[in-house]
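Heads up, the first sequence is in our numbering, so the first residue is 10 and it goes up one at a time.
We put the beta carbon where it would ideally sit given N, CA and C, even for glycine.
Structure record follows, encoded as structure tokens.
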Amino acid sequence: MPELPEVEAVVRRLRDRITGARIQHAKVFRCAPAELVEALPGRRILAVERRAKHILIRLSGGLTLHTHLRMTGNLFAIPDARLHTERARVVIALQGGTGIVFEDSRALGRMTLRGTQELDNELAASLGPEPLGAEFSAEAFAAMARGSRQPAKLFLMDQRKVAGLGNIYVAEALFRARIDPRKAMGRLSRPRLAALHKEIVTVLQDAVESAWIAYGVPGRFSEGESFDCQVYGREGQPCTRCGKEIRRLPQGGRSTYFCAGCQR
DNA sequence: TCGATCCTGTAG
DNA sequence: CTACAGGATCGA
Numbered sequence: 010m011p012e013l014p015e016v017e018a019v020v021r022r023l024r025d026r027i028t029g030a031r032i033q034h035a036k037v038f039r040c041a042p043a044e045l046v047e048a049l050p051g052r053r054i055l056a057v058e059r060r061a062k063h064i065l066i067r068l069s070g071g072l073t074l075h076t077h078l079r080m081t082g083n084l085f086a087i088p089d090a091r092l093h094t095e096r097a098r099v100v101i102a103l104q105g106g107t108g109i110v111f112e113d114s115r116a117l118g119r120m121t122l123r124g125t126q127e128l129d130n131e132l133a134a135s136l137g138p139e140p141l142g143a144e145f146s147a148e149a150f151a152a153m154a155r156g157s158r159q160p161a162k163l164f165l166m167d168q169r170k171v172a173g174l175g176n177i178y179v180a181e182a183l184f185r186a187r188i189d190p191r192k193a194m195g196r197l198s199r200p201r202l203a204a205l206h207k208e209i210v211t212v213l214q215d216a217v218e219s220a221w222i223a224y225g226v227p228g229r230f231s232e233g234e235s236f237d238c239q240v241y242g243r244e245g246q247p248c249t250r251c252g253k254e255i256r257r258l259p260q261g262g263r264s265t266y267f268c269a270g271c272q273r
């Protein structure tokens, strides 16, 4: 479920409440990694960071608690670790009573303990630039696009190209930039690429603002309630820009929503 | 570069 | 019942 903006919201919420705390104990449920129970107690939480859609909880002793929420994961703090629900897959109790809870109904997500250096190397090798970071320049973006025959949608979904985008914000960025998701990336003109680059940044910035309000809280993610989508999930509805009907088509096994009227 | 796959929940 | 789900990886 969550893309970069939602993961950022999770991290911001968590950061203030757990940084500096010491771990008392951990409990795992439903085939979550048992090693956490033994390895976590006594360690101090040094920092909470985000890289793309990855959540990195830095621990003393050169370790990082690595969480990926995939489709249905959620990670949040509760005032009393004992009060977690049955949905929890991992509960980490901190000194003082606070609990860190990892929920994941579909169990596609992962929470694992890794060596910090090794993990960071791995992420650096497998992820493209942070779209909200300084290294994501229009020039670098255009350089990657050059020669690519991948459809724009699939190119943007690839975490090695731009890290952190997912199905919703790819659709929204392409809509804002008026680009057909089926169009080969390498065939976009320089101005279109520049427009797309800009819209990727602005759509994510807008989404971070709204996701911050609605995500990373106990319970379930609520669908689309935080961000006002123009095309995602709007099959059959009229385009807010040109009035033509929003269409849905499968790309890479996922649904792509777009307006054939004004996305070319 | 596609399709299957990991899982469970929910909507039609 | 089937289809689909805001993700990512693997093998053909």
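The straight-line gap separating the alpha-carbon atoms of T107 and E139 is approximately 31 Å. The alpha helix (DSSP H) runs lying completely inside the stretch 188-266 and spanning 4 residues or more are 199-223, given in chain order.
Straight across, the Cα-Cα distance linking R257 with P190 is about 11 Å. Around the beta carbon of L197, 16 or more other beta carbons sit within 10 angstroms, so the residue counts as buried. If you ignore the 5 residues before and after R53, its C-beta comes within less than 8 Å of the C-beta of G29, A30, R31, I32, L68 and S69, all in its own chain and listed in chain order. Beta bridge pairing from DSSP links K36 with V100.
The shortest CA-to-CA distance from T121 to any of A220, E244 and V37 is the one to V37.
Judged by their CB atoms, F267 and F164 are not nearer to each other than the 8 Å cut-off. Separation of A134 and M166 (C-alpha to C-alpha, rounded to the nearest whole angstrom) is 17 Å.
Inclusion of I101 and L49 in the CB contact set at 8 Å is warranted, their separation being smaller than that value.
Ranked by Cα distance from T265, the first of G225, A182 and V212 is A182. Per DSSP, L84 is one residue of the beta strand (DSSP E) stretching across G82 to I87.
For G195, the closest alpha carbon among the candidates V19, V46 and Q159 is that of Q159. If only uninterrupted beta strand (DSSP E) runs of at least 3 residues are considered, those enclosed by the stretch 99-146 are 108-113 and 119-124.
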